[in-house]
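These notes are about the structure you will find just below.
Protein chains in written order, with this note's numbering: chain D, 1 to 198; chain P, 1001 to 1394.
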């Protein structure tokens, strides 16, 4: 099965045999892959009940819950990795969610669509309308994305919170982009984070 | 109905735990009953001895005895999970879930179900004889959910099963599965807890008390000593069942099924007959229940459920009940269940998370309330099969 490009980046970087919590795991495609390909102890949290039952039906350990409210019960450093793929921009308090990820896991992967990519800039600047693109197909009123974030916004959040970047990947479709040009050219950013001093 | 078939103590002496359960092993099969010479220390402080357990098994135990699944029944259920009920002649209460090729696949698993102690289908309870030969009636000690699990552990010892692949239960059965995981963590590989709770709420206790008072207000109850004269407190038991049955359904389900439709008439009678279909349905549920259930057992089993508060047994912290557990858990709830709502399952899931346990928690959509777990719901079947088969990732 082909993983979404940001998930493929994450799957590649996860250490075999590690303990992983995928927050917003959807139908469990990444967890299933990690379990089979890397022998990972794979757990998930997912808000949509139909997705949760699909995950459990495929033999995954997934809890129905919400990234904003349901990360508090997990003990400190319970996981090697927490993964938040394309979910950050849908949470009520992305900053607190990132804090939670780095409390319950030693490292956290965070991937999100970059709202500063040039196509989106152009569409907004010249079209004057909130952009509807292949990566962001929802319209302004029915989008689940409530916190539109750019790669540079995210970098500055990390700096404020004293969070270290252990890895970063920038994608345009399947193509990689350099870190320097990422905020303008990448449609997705993937970060591997660690709390400084840990 | 007591002590049907062979005398189990004779079996125990003759065949002390053979290496594998052979097809001719009399300990396995339908309609089994065993009286164990154990001393079961109950939570109330009394000792129950001997302990009689009526049970059934489906499928075969594999040579290393690693494929046994214990199914724990709900308040009014019994060991006849997938076999014809001896009193009603109806199929077992979970026949749609348990069998060859079904979600709990008896081609693969050895499924065992026992009547809970305090019950009335052959296990030690108010209806069975006390040491003096007369029925225990209300002299039977008050048992708890943990006591039920302990008695089942004795049965597993008798069957030579050290570790269960899984314990599965809905409602009160889910409480027993939780008790198993908490009290016998090394003996439970996986626990599937359906439409259940770790703590019986005040509202739930209140409904049970209505039922118990209905039974005890029936002049035939006579402080539980009704076995001799054949006049059981059926009217009281029927009312108890009617009240409880409402809690198993949902407003939406009742509206959809009955609405305000009249029963066998065109107009209201301006009397107190069962004018409405819903009244007629409940009366039928109440009456037919008395054909298969013992009123004293109803008192004991509801009491066991009322007393269930797993956190209380572990210093007030539910997570402590699961500390260091290696058991896999799956919690299933139904969105229209107001008896044990999804929030109850989430409380358990959070405690399991805090204990670092491997846990799934899923809420399924069904209009049928608490009783949804008895009914046809393909998504539920997939969840059950997926969770149970998880042990073998391919």
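Glycine is no exception: its CB is placed at the ideal position from the N, C-alpha and C atoms. Keep in mind the model is a prediction, meaning the values are calculated, not measured.
Does the distance from the CB of residue i to the CB of residue j come in under 8 Å?
{"i": "residue 1073 (chain P)", "j": "residue 1113 (chain P)", "result": "yes"}
{"i": "residue 1065 (chain P)", "j": "residue 1205 (chain P)", "result": "no"}
{"i": "residue 1386 (chain P)", "j": "residue 59 (chain D)", "result": "yes"}
{"i": "residue 1178 (chain P)", "j": "residue 1310 (chain P)", "result": "yes"}
{"i": "residue 32 (chain D)", "j": "residue 190 (chain D)", "result": "no"}
{"i": "residue 1103 (chain P)", "j": "residue 1381 (chain P)", "result": "yes"}
{"i": "residue 112 (chain D)", "j": "residue 83 (chain D)", "result": "no"}
{"i": "residue 1119 (chain P)", "j": "residue 1373 (chain P)", "result": "no"}
{"i": "residue 193 (chain D)", "j": "residue 107 (chain D)", "result": "yes"}
{"i": "residue 1348 (chain P)", "j": "residue 1198 (chain P)", "result": "yes"}
{"i": "residue 1154 (chain P)", "j": "residue 1330 (chain P)", "result": "no"}
{"i": "residue 1215 (chain P)", "j": "residue 1176 (chain P)", "result": "no"}
{"i": "residue 1036 (chain P)", "j": "residue 1051 (chain P)", "result": "yes"}
Show which residues of chain B have a CB atom less than 7 Å away from the CB atom of residue i.
{"i": "residue 1356 (chain P)", "result": "This model lacks chain B altogether; the protein chains it does include are D and P."}
With 16 other CB atoms within 10 Å as the buried threshold, where does residue i fall?
{"i": "residue 1027 (chain P)", "result": "buried"}
{"i": "residue 1088 (chain P)", "result": "exposed"}
{"i": "residue 1047 (chain P)", "result": "exposed"}
{"i": "residue 1099 (chain P)", "result": "buried"}
{"i": "residue 943 (chain P)", "result": "In the structure as shown, chain P starts at 1001 and stops at 1394, and residue 943 (chain P) therefore has no counterpart that could be examined."}
{"i": "residue 1015 (chain P)", "result": "Here residue 1015 (chain P) scores only 39 on pLDDT, less than 50, and its place in the model should not be relied on; the value that follows carries that caveat. Classification of residue 1015 (chain P): exposed, given that the 10 Å Cβ count is below 16."}
{"i": "residue 1231 (chain P)", "result": "exposed"}
{"i": "residue 141 (chain D)", "result": "exposed"}
{"i": "residue 55 (chain D)", "result": "buried"}
{"i": "residue 1266 (chain P)", "result": "exposed"}
{"i": "residue 146 (chain D)", "result": "exposed"}
{"i": "residue 12 (chain D)", "result": "exposed"}
{"i": "residue 199 (chain D)", "result": "No answer is possible for residue 199 (chain D): it lies beyond the span of chain D, which begins at 1 and ends at 198."}
{"i": "residue 1128 (chain P)", "result": "buried"}
{"i": "residue 1256 (chain P)", "result": "exposed"}
{"i": "residue 1202 (chain P)", "result": "exposed"}
{"i": "residue 1140 (chain P)", "result": "buried"}
Any Cβ of chain P within less than 8 Å of the Cβ of residue i?
{"i": "residue 53 (chain D)", "result": "yes"}
{"i": "residue 24 (chain D)", "result": "no"}
{"i": "residue 61 (chain D)", "result": "yes"}
{"i": "residue 5 (chain D)", "result": "no"}
{"i": "residue 64 (chain D)", "result": "yes"}
{"i": "residue 98 (chain D)", "result": "no"}
{"i": "residue 58 (chain D)", "result": "yes"}
{"i": "residue 15 (chain D)", "result": "no"}
{"i": "residue 49 (chain D)", "result": "yes"}
{"i": "residue 43 (chain D)", "result": "yes"}
Of all the CB atoms in chain D, is at least one closer than 8 Å to the CB of residue i?
{"i": "residue 1389 (chain P)", "result": "yes"}
{"i": "residue 1350 (chain P)", "result": "yes"}
{"i": "residue 1379 (chain P)", "result": "yes"}
{"i": "residue 1382 (chain P)", "result": "yes"}
{"i": "residue 1177 (chain P)", "result": "no"}
{"i": "residue 1375 (chain P)", "result": "no"}
{"i": "residue 987 (chain P)", "result": "Any property of residue 987 (chain P) remains undetermined from this structure, which presents chain P solely from 1001 to 1394."}
{"i": "residue 1168 (chain P)", "result": "no"}
{"i": "residue 1361 (chain P)", "result": "yes"}
{"i": "residue 1164 (chain P)", "result": "no"}
{"i": "residue 1318 (chain P)", "result": "no"}
{"i": "residue 1365 (chain P)", "result": "yes"}
{"i": "residue 1386 (chain P)", "result": "yes"}
{"i": "residue 1330 (chain P)", "result": "yes"}
{"i": "residue 1353 (chain P)", "result": "yes"}
Could you spell out where the alpha helix (DSSP H) holding residue i opens and where it closes?
{"i": "residue 1338 (chain P)", "result": "Note, residue 1338 (chain P): premise wrong, no alpha helix (DSSP H); not H, not E."}
{"i": "residue 1206 (chain P)", "result": "1202 to 1217"}
{"i": "residue 1305 (chain P)", "result": "1295 to 1306"}
{"i": "residue 1117 (chain P)", "result": "No alpha helix (DSSP H) contains residue 1117 (chain P), which DSSP labels as neither H nor E."}
{"i": "residue 1382 (chain P)", "result": "1378 to 1388"}
{"i": "residue 1083 (chain P)", "result": "Careful: residue 1083 (chain P) lies outside any alpha helix (DSSP H) and carries neither H nor E."}
{"i": "residue 1222 (chain P)", "result": "Counting along the chain, residue 1222 (chain P) falls outside any alpha helix (DSSP H), and DSSP gives it neither H nor E."}
{"i": "residue 1068 (chain P)", "result": "No alpha helix (DSSP H) holds residue 1068 (chain P); the beta strand (DSSP E) holding it covers 1068 to 1072."}
{"i": "residue 1288 (chain P)", "result": "1277 to 1290"}
Quick check on the DSSP output: the beta strand (DSSP E) that includes residue i runs from which residue to which?
{"i": "residue 1110 (chain P)", "result": "1110 to 1114"}
{"i": "residue 1052 (chain P)", "result": "1051 to 1058"}
{"i": "residue 19 (chain D)", "result": "19 to 23"}
{"i": "residue 171 (chain D)", "result": "163 to 172"}
{"i": "residue 188 (chain D)", "result": "188 to 195"}
{"i": "residue 1256 (chain P)", "result": "From DSSP, residue 1256 (chain P) is part of no beta strand (DSSP E) but of the alpha helix (DSSP H) over 1251 to 1257."}
{"i": "residue 1033 (chain P)", "result": "1032 to 1036"}
Next on the checklist: Please give me, in chain order, every unbroken run of the alpha helix (DSSP H) with length at least 4 that falls completely inside the segment 1152 to 1183 of chain P.
Outcome noted: 1172 to 1183
Next on the checklist: Give the list of continuous beta strand (DSSP E) stretches no shorter than 3 residues that lie fully inside the segment 82 to 158 of chain D.
Outcome noted: 105 to 113
Next on the checklist: Quick check for students: name the residue ranges of the alpha helix (DSSP H) that lie wholly in the segment 30 to 78 of chain D, counting only runs of 4 or more.
Outcome noted: 49 to 57
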